[in-house]
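Trainee:
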Amino acid sequence: MNRTMLCMLPLLLGPAVSSIAGAAGPTDADLLATKGRGDWLNYGRTYDNQRFSPLTQIKPSNVKNLRPVWAAGLNSLDGLEATPIIHDGVLYVTGSHAHVFAFDAANGRRLWSWAPEEPEGLGTVLCCGPVNRGVAIYGDHVFVETLDAKLVALNKDTGAVAWEKVIADWQTGYSATGAPLVAKGKVIVGVAGGEYGVRGFIKAYDAVTGDEKWTSYTIPGAGEPGNDSWPGDTWKTGGGATWQTGAFDPALNLLYWGTSNPGPWTSDGRKGDNLWTASLLAIDADTGVIKWGYQYTPNDAWDYDGNNAPILADIKLDGKPVKAALQSNRNGFFYVLDRTNGRFLYATPTVDGINWTSGLDPVTGRPKVNEDKRPLSDGKTVMPIVPGLEGGTNWFPMAYNPDTRVAFVPTNTWAMSLKGYLPEDIQYEAGKVYMGVDYKMYRTGETVGRLRAFDVEKKKWLWEIPSPLPLFAGVLATKSGLVFTGDQLGFLYAADAKTGEVLWRFQTGSGLNASPVTYAIGGKQYVAILSGLGGDPSFYYSAPKGNTLWVFALEGLSTGKADAGEWKPDAIPEMLDPLPTR
């Protein structure tokens, strides 16, 4: 049996599968419906990407009784970053290498699995490890993007391949690591490869047939508006990848998608704003036409991607209703935009000590750059630069409670050094790294990571939970008043959404880079998360590897103390050097 064969042995499936498999898959109406659902059907649960659940069985008064009820290994120690999808009692999730698994979501019995065959040499074009952030589901199909830049549709009941499409040529530096987004019968996908001189794009396929419907490039080509923000032909290798999943507003018919850094990182060879890198784009879901763009970091020289998927929220500012898009950026600022037209409303720092800019224009949000913090292609090292290139807030998703208008934001406060190459050492070659810099991260104090709560309407930070290591896990908020996330010490924890008090904590055995979800089956609420250090975090410190899907409920087997209690780590893994003093 080769790697693409399905694990459909009778021993694994058993007779109980018939009670799960075969039910109708989600429709457009299902994906649009949000209130009261116990499923988790989109990457951010709902199209607005709020990662907010209406479930209330698990609440501040009883979360201390949360216990693991089942767990499953996912066959690899390469790092886990996916958000599970749950539909009709089945949990679909990816491990590393785009390996897809389907489990009975109530008891953990594996129903099927599928793994792609990967071409030799693929690892040479992966920026940040063989990670994958999850699947999408629609009708009879589960969709997954592969590291060699393909989109594969699998039968949701068996894992059999229904169709497969090449998104881009992986040998030129493209890869695909995000979770697809299904909207209006189309599967929307992005690409990775910003460090390899690719030209980013977003592509839509028919969810039933796999036929390509449209492609929208993030960097305007010759003769297109914005192309003059690139000197010469630099736009052809300018980055602007789209490796994180976007959001969708069905009322406005707009997709919202973030874009990555320009390439190479040394900005003096591509003078200009470099549209639309480090930006948020609003795209017509029917045609792929870009309706507006907002650039967070013009002429980015610090790898401050704008990929983080925005949260769409209807709020009031100065007493007036606003259809907003919220994003916590790698450049160290939390942005609030008008999602109907891309107008800047306000921004606030998420971390202390920002020094790459002296501040943002209060009307446009354009940064005033401290040019002495800009690395150049001169062989010299610039340091310290705050925040480091991982953020601020990297790709890991924040959550939002629409009842209280509070966002729950994972942040990291650290610094970096950047050393630009000489011009003769920055040459583009397809499929080769095209960065033009060396970098190193530094800690600026004993606390690096913080989960912070921010009142979006009052523009006020409410509380924070510190961590000695960076945060790389996403966040979940519930209507019952809880916030779930995890840390690199291996703890999944639940906090009171009003106060930030940690109410429950569980040691998963490895660093948490994934995002927690919650779902309900048969009147019981569950919480699930992947545990497995890998990808970016593993570049900076040593900690145990892992590959486990953990699922919790209010009753089940206890494996140790579950309440938060008084807690201090026995030992912190060796990690970042302290920032040198000068």
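In this note's numbering, the protein residues as written are 45 to 626.
Positions of the beta carbon are idealized from the N, C-alpha and C atoms, including for glycine.
Kindly indicate which three-state DSSP category G167 falls into: helix, strand or coil?
Mentor: Three-state DSSP puts G167 in a helix.
Trainee: DSSP puts A329 in a beta bridge; with which residues?
Mentor: Note: A329 sits in no beta bridge, so no partner.
Trainee: Run through DSSP, which three-state label would W158 get?
Mentor: Looking at W158 - three-state DSSP - the assignment turns out to be strand.
Trainee: Given T100, which residues of its chain have a CB within under 6 Å of its CB, disregarding the five upstream and five downstream residues?
Mentor: These residues qualify, in order along the chain: K523 and S524.
Trainee: In terms of residues, what are the limits of the beta strand (DSSP E) holding N381?
Mentor: With the sequence shown as reference, residue 381 is identified as Leu, and Asn is not the correct amino acid for it. First-last of the beta strand (DSSP E) with L381: F377 to D382.
Trainee: When DSSP labels each residue in this structure, what does Y91 get in the three-state scheme?
Mentor: Y91 falls in the coil class under three-state DSSP.
Trainee: Identify the residues that DSSP records as bridge partners of Q339: which are they?
Mentor: Beta-bridge pairing links Q339 to S323.
Trainee: Excluding five sequence neighbours on each side, which residues of the same chain lie with their C-beta closer than 6 Å to the C-beta of N234?
Mentor: For the sequence presented, residue 234 should be read as Gly rather than Asn. Hits under 6 Å: G222, I246, T286 and W287.
Trainee: What whole-angstrom Cβ distance do A353 and T437 have, given they're in contact under 8 Å?
Mentor: With a Cβ gap of about 11 Å, A353 and T437 do not count as contacting.
Trainee: E208 bridges to which residues according to DSSP?
Mentor: Paired residue(s): V196.
Trainee: Counting only beta-carbon separations shorter than 8 Å, does G544 have a partner in chain B?
Mentor: Considering every chain present, this structure includes no chain B. It has just one protein chain.
Trainee: How would you label L319, buried or exposed, when you count the other beta carbons within 10 angstroms and need 16 or more for buried?
Mentor: L319 is buried by the Cβ-count criterion.
Trainee: Look up E508 in the DSSP assignment and give the residues it is bridged to.
Mentor: DSSP, once it has assigned bridges, lists R496 as partnering E508.
Trainee: With a cut-off of 8 Å on the beta carbons, I'd call G376 and P431 a contact; round off their distance for me.
Mentor: Indeed they touch by this definition, with Cβ atoms about 5 Å apart.
Trainee: Give every residue of the same chain whose Cβ lies closer than 6 Å to the Cβ of D293, excluding the five residues on either side of it in the sequence, and list them in chain order.
Mentor: So the list reads L356, once near-sequence residues are dropped.
Trainee: Give me the Cβ distance between G244 and G270, rounded to the nearest whole Å; I'm assuming they're in contact under 8 Å.
Mentor: The Cβ separation is near 13 Å, so there is no contact.
Trainee: Using three-state DSSP, classify S304 as helix, strand or coil.
Mentor: DSSP places S304 in coil when its eight states are reduced to three.
Trainee: Quick one: measure Cβ to Cβ for I129 and A149, integer angstroms, because I've assumed they're closer than 8 Å.
Mentor: With 8 Å as the limit, I129 and A149 do not qualify as a contact, their Cβ atoms being about 10 Å apart.
Trainee: Taking Cβ to Cβ, would you say N591 is nearer than 8 Å to G165?
Mentor: Not a contact, by the Cβ cut-off of 8 Å.
Trainee: Can you grab the Cα-Cα spacing for the pair W611 / Q339, in whole Å?
Mentor: Only weak support exists for where W611 lies, its pLDDT of 48 falling under 50; the coordinates are left without a value.
Trainee: By DSSP, does D621 sit in helix, in strand, or in coil?
Mentor: Note: D621 maps to strand in three-state DSSP.
Trainee: Label T259 either buried or exposed according to how many other C-beta atoms from any shown protein chain fall within 10 Å of its C-beta, with 16 as the threshold for buried.
Mentor: Label assigned to T259: exposed.
Trainee: Within the continuous alpha helix (DSSP H) that includes D72, where are the two ends?
Mentor: Looking at the DSSP string, the run of the alpha helix (DSSP H) that includes D72 is D72 to L76.
Trainee: Do you know whose CA, among L598, V252, W274 and S304, lies nearest P264's CA?
Mentor: The candidate whose alpha carbon is nearest that of P264 is W274.
Trainee: Starting from the C-beta of D621, find all residues in its chain whose C-beta is less than 7 Å away, skip the five residues before and the five after it, and write them out in chain order.
Mentor: The answer, listed in chain order, is Y486.
Trainee: Can the beta-carbon of D344 be found less than 8 Å from the beta-carbon of N305?
Mentor: Yes, Cβ-Cβ distance for D344 and N305 is below 8 Å.
Trainee: So, is E468 buried or exposed, given that buried needs 16 or more other C-beta atoms within 10 angstroms?
Mentor: Counting Cβ neighbours within 10 Å, E468 comes out exposed, since fewer than 16 surround it.
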